[in-house]
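Visitor: Sharing a structure, written as structure tokens. Questions coming.
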Ligand SMILES: Cc1cc2nc3c(=O)[nH]c(=O)nc-3n(C[C@H](O)[C@H](O)[C@H](O)COP(=O)(O)OP(=O)(O)OC[C@H]3O[C@@H](n4cnc5c(N)ncnc54)[C@H](O)[C@@H]3O)c2cc1C
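In the numbering used here, the protein residues as written are 11 to 206.
See the structure below:
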């Protein structure tokens, strides 16, 4: 079901077996695993179903790390998160072995996990964005296809990046989540602290 914190009383108390903070790509994907679960799952989402400037302004802030886009322009604060239409268009890619490897010429490179560790999760992730399980194979075939430049396999290679046909997760899943008895999404619910 989908509720709105604006219609709850200020002293309302909600309990849950699993609490998910944020209904973006990660939060919605997690919640979709519990649609018919006996567990009580609550998703607290800062935004509403549509983009609101006031909510988006909560992302304003000063970047103290590597230089990047203004913080309130590079993430979208709405149900669906940065998979909203103002966010990503759906470019999807399975990481290559190289991307996990330590490379002297890439600062901070070298992951503590390998590509093989991720393999079982790709299957679910690809289904979430409506792409085929053999995505890697099909892009390899495409890279060698007639429409590609004859780059060979040296320093320059063709690497097509497919587009998801289902990039805007909230648009795809809102009605399913609304119908769920075990998952409750609460909109306009800004988490301001966690007490342990
Ligand atoms: C313009 C743009 C283009 C992109 N293009 C691509 C692409 O082509 N391919 C690709 O793979 N990725 C792309 N991305 C990145 C991709 O969208 C993100 O990596 C992905 O959405 C991150 O998922 P997430 O769940 O971590 O965060 P988000 O999807 O941003 O979700 C976070 C959620 O948490 C909510 N929230 C935040 N703070 C609170 C709080 N205090 N309390 C409650 N809720 C809160 C937000 O409202 C939001 O719904 C793009 C992003 C942008 C902005």
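Even glycine gets a Cβ: it sits at the ideal position worked out from N, Cα and C.
Is the closest heavy atom of ligand 1 to the C-beta of residue 29 under 7 Å?
Guide: On the chain shown, residue 29 is found 19 positions in, with the first residue counted as 1. Not under cutoff, so the answer is no.
Visitor: How long is the line joining the alpha carbons of residue 45 and residue 69, rounded to whole angstroms?
Guide: Start at 1 with the first residue of the chain shown, and residue 45 comes out as number 35. Start at 1 with the first residue of the chain shown, and residue 69 comes out as number 59. The alpha-carbon atoms of residue 45 and residue 69 are separated by roughly 29 Å.
Visitor: Between the C-alpha atoms of residue 11 and residue 187, what's the straight-line distance to the nearest angstrom?
Guide: Along the chain shown, read from residue 1 onward, the residue named residue 11 stands at position 1. Along the chain shown, read from residue 1 onward, the residue named residue 187 stands at position 177. One C-alpha to the other measures close to 6 Å.
Visitor: What's the call for residue 229, buried or exposed, on a 16-neighbour Cβ count within 10 Å?
Guide: The structure shown does not extend to residue 229, since the chain spans only 11 to 206, so no value can be given for it.
Visitor: Determine, using beta-carbon pairs with one atom in the stretch 45-62 and one in the stretch 25-33, whether at least three such pairs fall under 8 Å.
Guide: Short answer: they touch.
Visitor: Would you say the beta carbon of residue 10 is closer than 7 Å to some non-hydrogen atom of ligand 1?
Guide: Shown here, the chain extends from 11 to 206; a query on residue 10 therefore has no answer.
Visitor: Would you say residue 89 touches ligand 1, meaning its beta carbon is less than 7 Å from a heavy atom?
Guide: Sequence index remark: in the chain shown, residue 89 carries index 79 (1-based). Residue 89: yes, Cβ under 7 Å from ligand 1.
Visitor: Please check the pair residue 96 and residue 86, which I expect to be a contact at CB under 8 Å, by giving their CB distance rounded to whole angstroms.
Guide: Numbered from its first residue, the chain shown carries residue 96 at position 86. Numbered from its first residue, the chain shown carries residue 86 at position 76. Yes, residue 96 and residue 86 are in contact; Cβ-Cβ is about 5 Å, under 8 Å.
Visitor: Considering Cα atoms alone, identify which of 159, 174 and 167 is closest to residue 145.
Guide: The residue you call residue 145 lines up with position 135 of the chain shown. Closest option to residue 145, Cα to Cα, is 174.
Visitor: What is the rounded straight-line gap between the Cα of residue 209 and the Cα of residue 178?
Guide: The structure shown has nothing for residue 209, since the chain only spans 11 to 206.
Visitor: Check each candidate in 202, 154, 194 and 165 and name the one with the smallest Cα separation from residue 40.
Guide: Here residue 40 corresponds to residue number 30 of the chain shown, with the count starting at 1. The option with the nearest alpha carbon to residue 40 is 194.
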